[in-house]
Every structure is written in structure tokens, then in C-alpha cells.
Amino acid sequence: MALRAQTGPYFGDFGGRFVPESLIAALDELGEAYSLAKLDPAFAEELAELGRSYTGRPSIITEVPRFAAHAGGARIILKREDLNHTGSHKINNVLGQALLTKRIGKTRVIAETGAGQHGVATATAAALFDLDCTIYMGEVDTERQALNVARMRLLGAEVIAVTSGSRTLKDAINDAMRDWVTNVETTNYIFGTVAGPHPFPEMVRDFQKIIGEEARQQVLDLTGALPTAVAACVGGGSNAIGLFHAFLDDADVRIYGFEAGGEGAETPRHAATITKGRPGVLHGARSFMLQDEDGQTIESHSISAGLDYPGVGPEHSWLADIGRAEYRPVTDDEAMQALRLLTRTEGIIPAIESAHALAGALELARELGPDATILVNLSGRGDKDMDTAAKYFELYDEENAK
Amino acid sequence: MRTVAPVIARRNDEADGALIGYLPVGFPTLDESVEAAVALVENGVDILELGLPYSDPVMDGPVIQAATQQALANGFRLSHGFEAVRRITERVAAPVLIMTYWNPVVQYGVDRFADDLAAAGGAGLITPDLIPDEGADWIAASDRTGLDRVFLAAPTSTDPRLAQTIDASRGFVYAVSTMGITGARADLDEAARTLVGRLQAAGAEASCVGVGISTAAQVAEVLGYAQGAIVGSALVRALAEGGVQAAGSLAAELARGTRSE
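Respectively, the protein sequence lines represent chains S and Z.
Everything in the first sequence is counted per UniProt numbering, starting at 1 for the first residue and increasing by one.
Everything in the second sequence is counted per UniProt numbering, starting at 1 for the first residue and increasing by one.
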């Protein structure tokens with residue numbers, strides 16, 4: 001079977017539905033609505049039209065030779081998801097799930113968010129489709145991404161700062177699931193990544209796979225050949241699977257996911273789930289995760305809130321397991337240096353998440369040599385990260401520094 | 001093996017039904033959690049449900065979250081769960097079920113967990129985030145060891161799912177009283193009565209209702225239609241605020257709800 005044809009609930013040994021029985025009816029309802037929508041040309045057309053007239057699809061590709069020159073001269077091409085409305089790939093998935101919410105007749109949506117990109121995208125779709133919206137965000141993240149909190153509130157969403165556990169993305173997911181268990185009759189959970197219980201990993205992938213479908217053809221048109229390698233950052237893994245999926249059965253195209261190595265994958269402070277974790281059950285799916293001997297989830301660390309997650313989508317665990325994709329860690333500092341390099345050489349400020357993929361691409365370019373072509377998913381823009389970057393590179397005037 | 005079905009049957013003969021009390025292991029300390037569990041039984045709790053603290057407890061409300069988070073911060077280990085079961089079952093006759101999220105069991109090894117729980121004198125498991133569809137390993141291990149396995153049923157469960165849950169459960173079916181997470185509620189949902197009626201019509205021998213029960217009157221109300229009432233957050237709050245004695249006093253008060261008139 002073609003790798004691309006793989007559907008949930010299981011990807012090899014990974015996936016499933018490890019959730020309270022109270023959520024099963026909602027997951028079944030969502031799964032059935034999605035199955036019907038998939039077969040309905042009107043749904044596909046409505047989503048495609050939103051892509052064209054709202055998101056700005058297709059997103060362009062940009063070759064970045066001045067950046068690539070710093071790594072031996074391989075061709076590096078960026079897929080510009082940062083140019084989407086709301087500033088990242090997250091809108092692709094959210095518009096699909098918001099349309100589904102309308103189809104199943106629910107009036108309220110909830111979502112978790114780490115960096116705020118998915119929360120902003122969900123709040124945007126809620127405004128567009130006239131849905132009530134509550135966003136759960138770890139208290140730690142509301143502090144480091146205050147601008148996105150303001151953005152979501154301006155869009156009309158209620159933002160709840162989650163104070164339980166480690167007060168980051170994983171705890172925001174826990175609270176969103178608790179909300180969903182309680183309010184399932186009126187509420188749909190717009191999950192932001194390819195993790196979680198079935199049908200989320202398959203459905204979110206399907207809404208994101210347009211990234212790779214567009215980029216594959218765009219690179220062919222530009223270079224006359226498929227890329228040597230494709231690269232993306234991996235937290236939960238939605239932008240990565242969105243890019244990878246179109247290439248899964250192109251056996252000659254190498255696939256690389258770059259995880260957040262934090263202060264170093266050899267230290268305890270990282271979010272390199274596949275590199276350093278082992279299989280377990282978290283947030284409704286069996287997948288790789290960071291955990292101690294007793295199966296307690298270990299708190300992850302990354303300078304990038306969007307990658308600061310101790311789990312990963314089950315399809316990535318499967319691709320790693322069968323050897324189709326390779327996952328490597330990139331440290332906070334490597335990502336920040338790549339962020340600055342792309343900014344200075346190309347005038348494009350990437351999100352810190354996406355900068356992990358850029359740092360990875362520099363490493364790949366050195367390994368694969370000057371004849372290689374590397375396609376990188378620039379999954380988001382860096383506007384939300386200006387405060388982090390300004391502090392990291394000491395860009396604030398001292399008297400203005402907080 | 002000390003399983004729960006005979007106790008539920010006996011309590012439905014001699015009273016209106018069984019009272020099941022929940023406490024987390026290791027809160028506020030391992031020793032005090034053992035003392036509190038013993039005190040519950042000495043004050044009329046028929047079956048104990050011991051929760052294993054877990055980092056990501058999606059079914060639990062704020063009271064139990066706070067208690068289990070403290071237990072984890074105090075250094076809770078899975079081995080403490082077996083130790084607590086052993087120490088409690090040495091002192092009281094009530095059966096002890098472990099309530100645990102699924103990942104700790106997976107990491108310990110499903111068979112090893114079943115063997116060690118049986119060896120410690122435990123009665124079985126309540127698994128809030130494991131549905132029978134995903135439970136083949138546990139169903140095999142519990143069949144091999146004779147442990148009870150309690151799956152959850154929800155007001156939104158379809159008839160085929162209720163039938164599957166009844167078929168997979170041994171001991172009782174945990175009927176989730178309302179759509180939501182653990183925590184005391186002023187009014188019990190009518191949904192609980194409807195759910196238990198559906199479970200009985202589908203052939204369930206014993207349904208015990210949990211989530212939201214905190215008073216003797218609610219226990220009495222639930223035992224009017226179900227075979228057991230499960231109290232969690234209210235007992236944990238009593239223990240947190242008044243120690244072992246307060247937890248025991250609340251248990252004695254709740255136990256009055258098992259005897260009508």
C-alpha cells in the first residue's frame with residue numbers, strides 16, 4: 001500500500017483513541033462528519049475557495065540563495081506558509097474544522113494553543129463563521145506570547161490562562177479536553193495538530209497536506225526535478241506532515257523532521273520527543289513521548305512555545321519507526337542563529353518554530369552537498385516572536401528594556 | 001481473590017447498595033493516605049477506589065488535580081500504589097480497586113502490573129481513559145489473573161457501546177453521572193438515572209454511579225436506582241481540609257445514605 005494512503009485510527013503501532021468514554025460519541029460524530037465531507041465535492045470546493053480568497057493560497061515558494069551560501073551552496077527553497085492570513089500554516093486546518101463545526105450544527109469551538117498561532121487562527125475562523133470561541137493557553141505561554149493573547153481577545157475569543165501542571169501546551173490540551181467532556185453537546189474541539197485521538201491525526205493532516213501538494217509541483221516547475229530533501233520543524237507535527245505527505249511515496253526524496261533540542265538533547269531541557277522519548281499514551285494516542293520510568297509525562301523545554309510539547313503525532317512516530325523519515329534535534333541557539341541569518345540575508349523573519357527547520361536545512365545542505373535541493377516549510381512568520389528575539393539578541397535599548 | 005461483585009451483592013441485600021470511596025495514593029503523604037483509606041472503611045465505605053497520581057489527569061476536576069499534583073511533587077512512585085494496596089488490605093476486609101490513567105500501566109508492563117496488583121491483594125482496575133476497544137492487553141491480563149476491570153459508561157454512549165462496555169467489564173460498570181469531570185455538584189443529573197436504566201436493560205448486573213456525588217442524600221438518591229454510589233472529590237476535600245478524622249467523619253455521614261428511612 002502506498003504510504004500516502006495510510007489512514008487512522010492506527011499508523012502502524014501508533015494512534016488509537018485513549019480517551020474517556022464521555023468523548024467517544026463526539027469523536028465518532030466528528031469522524032463521521034469528516035468522512036461524509038471528504039466525499040462531498042461541495043465541501044472540497046468551499047474549502048478551496050476559502051483558501052484562495054481568504055488564506056491566500058497557493059502560498060508561493062521562495063529560493064534563498066544568500067542564505068544557502070552559508071551552507072555550501074545547495075539550493076534551499078522555502079514554502080511560504082508564513083504569508084498565509086494569520087501568519088502560519090495553522091489557518092489551513094482551522095478553516096476545514098470550522099466548516100465541519102457548522103456541518104455538525106455546533107455553535108461553540110474550543111482550542112488549545114502553545115505559541116498562539118493555532119489560537120489566533122481558531123479565533124479568526126470563529127469570527128468569520130460567527131462561532132463562540134474559548135482558547136486554552138498555558139499561563140507560561142500567555143506571558144511569552146502576550147501579543148497573540150491580545151490578538152485573540154480582539155477577535156472576540158475568551159482566552160483562559162491554564163494554571164495546572166506545567167502551565168504550558170500539554171496542560172492547555174488537558175483543560176480543553178475537560179471543557180469538551182463537559183460541553184460536548186454544543187462544542188466542537190478544533191485540535192491544532194496531528195496528535196490526539198482519532199480522527200484528529202488523519203483529519204488535521206488532510207487539511208494540511210495541501211502544503212506539500214502545492215510545493216511538490218512548484219519545485220518541479222522551478223527546478224525540473226523533485227527536491228533532494230524536504231525539511232520541517234516538528235512539535236506536534238502538523239506543518240511537517242503537511243509538507244511530507246505529498247512526498248511519502250517519492251522514495252528518492254529524503255524526509256527530515258527537526259525537533260526542538262532546547263538547551264541540548266543530552267540535557268533534561270528539550271522537546272525532542274522522537275529523538276529522546278519512547279512510546280506511550282498521551283492526549284488520546286499512542287506515540288513517542290517524553291516520560292519518566294513510571295510513565296509520568298516529563299515537562300518539555302523549548303525557546304519556541306509552539307514546539308514546547310512532550311508528545312508528537314502518531315504518523316510521525318510511524319514514519320520514524322519504519323525509517324521513512326528521520327528526526328533530529330535542533331537547539332534553541334541553532335534555531336535563533338538561523339532566524340537571524342535568514343532575516344539578514346533574505347529579509348524574511350521566520351517564526352522561531354520554523355527557524356528550527358532552517359537550522360536543520362543548513363545542516364542538511366552541508367551533508368548533502370552543493371548539488372542538493374532542499375525544500376523547507378517556512379511554517380510561520382516571526383512577528384509574534386519579536387520580544388523573544390529582541391531579548392535574545394539584546395536589541396532593546398537598555399532604558400526601554402523591561 | 002477479593003473482588004467487588006460479592007460485596008456489591010451483599011450490600012444490595014442488607015442495605016440499599018454499596019458506597020465506594022475514592023482517595024489518591026500519596027496525598028497528603030503515603031502514610032496518611034493509607035490511614036485515611038482505612039478510616040473510610042472503618043466508617044462505612046464498602047469498596048475503596050485508590051487513585052494513582054498522574055501528570056495529565058484529563059477526567060479530574062480541580063480538587064483531585066490539586067491533590068494528585070501534590071502527591072507527585074512529594075515523590076509518588078507507582079510502587080507506592082502497590083504498597084498502599086498491601087497495607088490497606090492487611091488491615092481491612094474491603095476490596096481495593098486501583099483507578100489509573102493508562103500510560104503508567106503501559107510503561108510498567110500490563111502483565112507485570114496485573115501480577116503485582118494481584119500479589120498486593122488488589123481487586124482490579126478502574127481505567128478512565130481506556131475504552132474496551134483499546135483494552136485487549138488488559139482484558140487478557142485480567143482474565144489471566146482474575147482481577148476486576150471497570151470500564152466507564154457515559155450518558156452519550158450509544159446502545160452498542162453500552163453493550164460492549166457491559167460485556168468487557170467485571171465487577172461493575174462505572175456510570176458517569178453527568179457530562180463532565182470529577183467534582184462535587186449541587187444537583188445530580190437526571191442523565192445518571194437514565195444511563196443506569198439503559199445499562200440494566202442491556203443486562204448489566206451492577207452499575208455504580210460516580211462524578212458529582214458529595215452528600216448522604218445524593219448517595220441515597222443514587223442507590224434508589226443503582227447498585228453503588230462513588231464519592232471522590234468530597235472525600236479528598238475533607239482529607240485536605242480536616243485530615244484523616246474529617247475524611248472518616250464524612251464517610252460515616254455518607255454511609256447513612258446507604259440505608260433508607
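Every residue, glycine too, gets a C-beta built ideally from N, C-alpha and C.
Q. Since S/GLY192 contacts S/GLN145 with CB under 8 Å, what's their CB separation in whole angstroms?
A. About 14 Å separates the two Cβ atoms, so there is no contact after all.
Q: Report the residues of the segment 1-31 of chain S with a CB closer than 7 Å to any CB of chain A, ordered along the chain.
A: Among the protein chains of the structure shown, namely S and Z, there is no chain A.
**Q.** Chain-order list of residues whose beta-carbon lies under 7 Å from that of S/THR343 (same chain, five-residue window excluded)
**A.** ILE349
**Q.** For S/ARG17, the three-state DSSP class (helix, strand or coil)
**A.** coil
Q: Locate the alpha helix (DSSP H) running through S/ASP321, then write down its first and last residues.
A: 314-321
Q | When S/GLY284, S/SER88 and S/PHE11 are compared against S/THR55, the one with the closest alpha-carbon | A | S/SER88
**Q.** Residue interval of the beta strand (DSSP E) (run including S/LYS79)
**A.** 75-80
Q: Kindly indicate the opening and closing residues of the beta strand (DSSP E) around S/PHE258.
A: 254-262
Q. When you compare each of S/SER35, S/HIS118 and S/PHE67 to S/GLU353 by their alpha carbons, which one comes out closest?
A. S/HIS118
(Q) Tell me which residue opens and which closes the beta strand (DSSP E) that Z/SER249 is part of. (A) From DSSP, Z/SER249 is part of no beta strand (DSSP E) but of the alpha helix (DSSP H) over 233-255.
Q.
Let me check understanding here. Comparing Cα to Cα, which of S/VAL120, S/ALA251, S/ALA285 and S/ASP292 lies closest to S/HIS85?
A. S/VAL120
Q. Should the segment 129-145 of chain Z be regarded as contacting the segment 12-21 of chain Z, the criterion being three or more beta carbon pairs within less than 8 Å?
A. no
Q: Answer with buried or exposed for S/LYS402, where buried requires no fewer than 16 other C-beta atoms within 10 angstroms of its C-beta.
A: Residue confidence is low: S/LYS402 scores 49 on pLDDT, short of 50, so the model does not pin down where it sits. Its coordinate-derived value is still stated next. Exposed.
Q) Do S/GLY311 and S/GLY236 have their CB atoms nearer than 8 Å? A) yes
Q) Is the Cβ-Cβ distance between Z/LEU40 and Z/GLY248 less than 8 Å? A) yes
**Q.** Nearest-angstrom Cα separation, counted from Z/SER157 out to Z/SER233
**A.** 24 Å
(Q) Give me the chain Z residues within the contact set of S/LEU282, using Cβ-Cβ distance strictly less than 7 Å, ordered along the chain. (A) ASP56 and ASN103
**Q.** Endpoints, the alpha helix (DSSP H) within which Z/VAL176 is located
**A.** Here Z/VAL176 belongs to no alpha helix (DSSP H); instead the beta strand (DSSP E) covers 173-176.
Q) Quick one, which residues of the segment 130-149 of chain Z are near chain S if we go by CB-CB under 8 Å, in chain order? A) LEU130, ILE131, ASP133 and GLU134
(Q) For a test of the three-state rule: what should DSSP assign to S/PHE11, helix, strand or coil? (A) strand
Q | Simplified DSSP assignment, three categories, for S/GLU213 | A | helix
(Q) With a threshold of 8 Å between beta-carbons, can S/ASN188 be considered close to chain Z, or not? (A) no
**Q.** Cross-chain neighbours of S/ASN174 in chain Z, by beta carbon under 8 Å
**A.** ASP56, PRO57 and VAL58
Q: Look up S/TYR136 in the DSSP assignment and give the residues it is bridged to.
A: S/GLU112 and S/ILE160
(Q) Any C-beta of chain S within less than 7 Å: which residues of the segment 14-26 of chain Z qualify? (A) none
(Q) Tell me the residue span of the beta strand (DSSP E) that contains S/SER287. (A) 285-289
Q. What residue from S/ARG278, S/ASP175 and S/ALA232 has the CA that sits closest to S/PHE258's CA?
A. S/ALA232
Q.
Whole angstroms are fine: how far does the CA of Z/MET99 sit from the CA of Z/LEU125?
A. 6 Å
Q: Check Z/LEU72 in the structure and name its three-state DSSP category.
A: helix
Q.
Among the candidates S/ALA320, S/ARG340, S/HIS70 and S/HIS270, whose CA atom is the shortest distance from the CA of S/TYR309?
A. S/HIS270
**Q.** Identified DSSP bridge partners for S/TYR189
**A.** S/ILE110
(Q) Using the three-state DSSP reduction, which class does S/LYS402 fall into: helix, strand or coil? (A) Model confidence at S/LYS402 stands at a pLDDT of 49, short of 50, so the residue's coordinates are unreliable; what they give is reported in the following sentence. Of the three classes helix, strand and coil, the one that applies to S/LYS402 here is coil, per DSSP.
Q) Hey, how far is the Cα of Z/ALA119 from the Cα of Z/VAL110? A) 14 Å
Q. Which term fits S/GLY105, buried or exposed, when burial requires 16 or more other beta carbons within 10 angstroms of its beta carbon?
A. exposed
(Q) The beta strand (DSSP E) that contains S/PRO279, what's its start and end? (A) 278-282
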